[in-house]
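Protein chains: 2
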Amino acid sequence: MKVHYECLSCMITQAQKASELATKDIKKRREAMLNVAQLVGKYYREESIPAIDASLLFLEIYKLLNNDDPFKNYKEVSNSLAKRVVEDLKMTLHIDLKTALKLAIAGNLIDFAVGYDPQKIEGDIISLLNENLYIDHSDELFSALNNASVLLYLTDNCGEIYFDKLFLEKIKKEYPQLEIYIAAKDGAIINDATIEDLKEAGLQEVGKLISTGSRIVGAPLEYANEEFKRIFERADVVIAKGQGNFEVLSELKDDRIFFLLKAKCAPVARELNVPQGSMLCTRL
Amino acid sequence: MKVHYECLSCMITQAQKASELATKDIKKRREAMLNVAQLVGKYYREESIPAIDASLLFLEIYKLLNNDDPFKNYKEVSNSLAKRVVEDLKMTLHIDLKTALKLAIAGNLIDFAVGYDPQKIEGDIISLLNENLYIDHSDELFSALNNASVLLYLTDNCGEIYFDKLFLEKIKKEYPQLEIYIAAKDGAIINDATIEDLKEAGLQEVGKLISTGSRIVGAPLEYANEEFKRIFERADVVIAKGQGNFEVLSELKDDRIFFLLKAKCAPVARELNVPQGSMLCTRL
Numbered sequence: 070m071k072v073h074y075e076c077l078s079c080m081i082t083q084a085q086k087a088s089e090l091a092t093k094d095i096k097k098r099r100e101a102m103l104n105v106a107q108l109v110g111k112y113y114r115e116e117s118i119p120a121i122d123a124s125l126l127f128l129e130i131y132k133l134l135n136n137d138d139p140f141k142n143y144k145e146v147s148n149s150l151a152k153r154v155v156e157d158l159k160m161t162l163h164i165d166l167k168t169a170l171k172l173a174i175a176g177n178l179i180d181f182a183v184g185y186d187p188q189k190i191e192g193d194i195i196s197l198l199n200e201n202l203y204i205d206h207s208d209e210l211f212s213a214l215n216n217a218s219v220l221l222y223l224t225d226n227c228g229e230i231y232f233d234k235l236f237l238e239k240i241k242k243e244y245p246q247l248e249i250y251i252a253a254k255d256g257a258i259i260n261d262a263t264i265e266d267l268k269e270a271g272l273q274e275v276g277k278l279i280s281t282g283s284r285i286v287g288a289p290l291e292y293a294n295e296e297f298k299r300i301f302e303r304a305d306v307v308i309a310k311g312q313g314n315f316e317v318l319s320e321l322k323d324d325r326i327f328f329l330l331k332a333k334c335a336p337v338a339r340e341l342n343v344p345q346g347s348m349l350c351t352r353l
Numbered sequence: 070m071k072v073h074y075e076c077l078s079c080m081i082t083q084a085q086k087a088s089e090l091a092t093k094d095i096k097k098r099r100e101a102m103l104n105v106a107q108l109v110g111k112y113y114r115e116e117s118i119p120a121i122d123a124s125l126l127f128l129e130i131y132k133l134l135n136n137d138d139p140f141k142n143y144k145e146v147s148n149s150l151a152k153r154v155v156e157d158l159k160m161t162l163h164i165d166l167k168t169a170l171k172l173a174i175a176g177n178l179i180d181f182a183v184g185y186d187p188q189k190i191e192g193d194i195i196s197l198l199n200e201n202l203y204i205d206h207s208d209e210l211f212s213a214l215n216n217a218s219v220l221l222y223l224t225d226n227c228g229e230i231y232f233d234k235l236f237l238e239k240i241k242k243e244y245p246q247l248e249i250y251i252a253a254k255d256g257a258i259i260n261d262a263t264i265e266d267l268k269e270a271g272l273q274e275v276g277k278l279i280s281t282g283s284r285i286v287g288a289p290l291e292y293a294n295e296e297f298k299r300i301f302e303r304a305d306v307v308i309a310k311g312q313g314n315f316e317v318l319s320e321l322k323d324d325r326i327f328f329l330l331k332a333k334c335a336p337v338a339r340e341l342n343v344p345q346g347s348m349l350c351t352r353l
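Those sequence lines, one after another, are chains X and W.
Position in the first sequence (from 1) plus 69 gives the number in my numbering.
Position in the second sequence (from 1) plus 69 gives the number in my numbering.
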């Protein structure tokens, strides 16, 4: 997906958010934003892909701000909140494979929810479970998993990874033949999960953890390491979570990829031709 | 006031808003925003003044969008709504000079209120009247007006001008010796009032209408015409409405100027050292 007209203001707003989280010093924030104004023309061009180009911009800002992980605290809060919510849901719901898939999509909303009451989040998630997926290719996904040897699972945000773990537990049980690889970013970028976050959440219990080889959102192959590229090639099925992975990997037109996401923003919804806010499990 | 760290995202968001209002064509909006990304580094620099530099950026976008007045409809709605609200308030309230001053400040919120129920706006305005001004130099203003021969009144937004008219009627009655000049922009820029808007609202009944000589928000003297500069120099008192006029004219440190505004955004509130949302009548 190439940048839409709304992506510029979103990039700038997120850059501002990063500068606010990185420092309380108003002068440093201003210096960072003065630099953003000079840099942004490089990253918002005709052919820019929002997740990739915004990541490159953010990494420049992190250097300017002298803070390599402005979202550190935000991510910790998301993780502990999601962990608790998933534990509670496991006790109160009967969770089958399809429910776990929907939870993995609904779990994507947790990055909005820092500071919320966990019980309110649980309520929101349960009401999302009652919604239908706007595009539902889950039968195709499950049939593909049935015939597959290798699954590559691309994670998205902190918090959400606890929902991914739940889904992967069900997948592992249902398709025991699968060799499962779970990928996360090679280092901190906005609130995306890193390999360290996956370890902390115990994802190694359900698959082999691998790095995408870069800190760029959306696992672009041109920034990946050799191991990731090899596994991406070997995979029979790829499950790609969230908007960032969609923005980058939709460019490949690769029918092994199933995108599981909530179309949070207008550009992604427009690209997919679905109403904003829709939950989707879609093969392009 | 020089740009604060939040001004970049605000400039971009307003540019996006202008492109949305200017055309329904997604491709044209995208083309405009691609240009904004290349241009913004020129207008968000160390010494930039938000109202001036954002105006210069917007005028470039208007050209790109081939629409010289994207806010035309928005302004018309604001004007007719404000006109009605002021007529109603005149019938229901006893309005003295001080109340009219507060209404002129409260009227600044009307640009948020397009599409709102007029009765809800009236309620909001009446509750604003019950708030104290956070900085209140109105006694100094009235005493200065008492001793003045020439008043220059700098308007701000459409809609709000109907509240300005009410305030100016009271000033004219209270200080009949005053020669009153009322300035507006020389052409369309965001939702600011133009000379045409002032005529439409009948402001010529309470003073002589003059152009600031440019379409730049905030009446910067370096963009003004000779007539405006002459009257600005002759004025004994200047009443400057809204954030834009504050951003530009606060640079002059000129104690003839009284700023009447609601500190809507964090940067203006920070600059004035007041809580965001405060209503002010202040001489610097």
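Glycine residues also receive a C-beta, built at the ideal position from the N, C-alpha and C atoms.
A quick note: this is a predicted structure, and the numbers were derived from the prediction, not measured.
Beta-carbon to beta-carbon, Leu170 of chain W and Asn314 of chain W are separated by about 16 Å, too far to satisfy the 8 Å threshold. Closest by C-alpha distance to Leu321 of chain W, out of W:Ser117, W:Leu290 and W:Leu166, is W:Leu290.
In terms of Cβ geometry, Ile179 of chain X and Glu229 of chain X form a close pair [threshold 8 Å]. Here Thr281 of chain W is buried. Its C-beta has 16 or more other C-beta atoms within 10 Å. Taking a cut-off of 8 Å on C-beta distances, the stretch 110-119 of chain X does not touch the stretch 142-159 of chain X, as fewer than three cross pairs fall below it.
With respect to Ala332 of chain X, Gly311 of chain X sits apart: the two C-beta atoms are not nearer than 8 Å. Here DSSP, grouped into helix, strand and coil, assigns Glu75 of chain W to coil. It is roughly 11 Å from the alpha-carbon of Gly256 of chain X to the alpha-carbon of Leu128 of chain X. Neighbours of Gln107 of chain W in chain X, taken as residues whose beta carbon is under 8 Å from its own, are Gly110 in chain order. Look at Leu278 of chain W here: in three-state DSSP terms it is strand. The DSSP-derived three-state label of Arg352 of chain X is strand. In the three-state reduction of the DSSP assignment, Tyr112 of chain W falls in the helix class, which pools H, G and I. Within the same chain, Asp255 and Tyr292 come within 6 Å of Ser283 of chain W by CB-CB distance, once the 5 residues on both sides are set aside. Going by beta carbons, Lys144 of chain W and Asn260 of chain W fall inside the 8 Å limit. Among the residues facing chain W, Gln85 of chain X is included, as its CB has a counterpart in that chain under 8 Å away. By the Cβ test, the stretch 240-248 of chain W is in contact with the stretch 210-219 of chain W, since at least three Cβ pairs between them sit closer than 8 Å. When 9 Å is used as the limit between beta carbons, Thr82 of chain X is near these residues of chain W: Ser78, Ile81 and Thr82, in chain order. Between the beta-carbon of Leu353 of chain W and that of Ser319 of chain W there is about 6 Å, and that keeps the pair under the 8 Å contact cut. For Leu330 of chain X, the enclosing beta strand (DSSP E) stretches over residues Ile326 to Lys331.
Interface annotation for the stretch 302-327 of chain X against chain W: empty, criterion Cβ-Cβ distance under 8 Å.
Under the DSSP assignment, Tyr250 of chain W falls in the beta strand (DSSP E) whose first and last residues are Glu248 to Ala253.
Close to chain X, meaning a Cβ-Cβ distance shorter than 9 Å, is no residue of the stretch 141-160 of chain W at all. Ala309 of chain W: member of the beta strand (DSSP E) spanning Val306 to Lys310, first to last residue. Under a criterion of Cβ atoms nearer than 8 Å, the residues of chain W adjacent to His73 of chain X are, in order, Ile95 and Arg99.
In the structure shown, Val219 of chain W adopts extended strand secondary structure according to DSSP, grouped into three states. In this structure, the beta-carbon distance from Leu210 of chain X to Phe327 of chain X falls below 8 Å. Among the CB atoms of chain X, one or more fall inside 8 Å of the CB of Arg114 of chain W.
Straight through space, the alpha carbons of Ile279 of chain W and Val306 of chain W are spaced by roughly 16 Å. By the CB criterion at 8 Å, Tyr244 of chain W and Arg98 of chain X fall outside the cutoff. What Ser88 of chain X touches in chain W, judged by beta-carbon distance under 9 Å, is Tyr74, going in chain order. What Leu128 of chain X touches in chain W, judged by beta-carbon distance under 7 Å, is nothing: the nearest beta carbon there is about 18 Å away.
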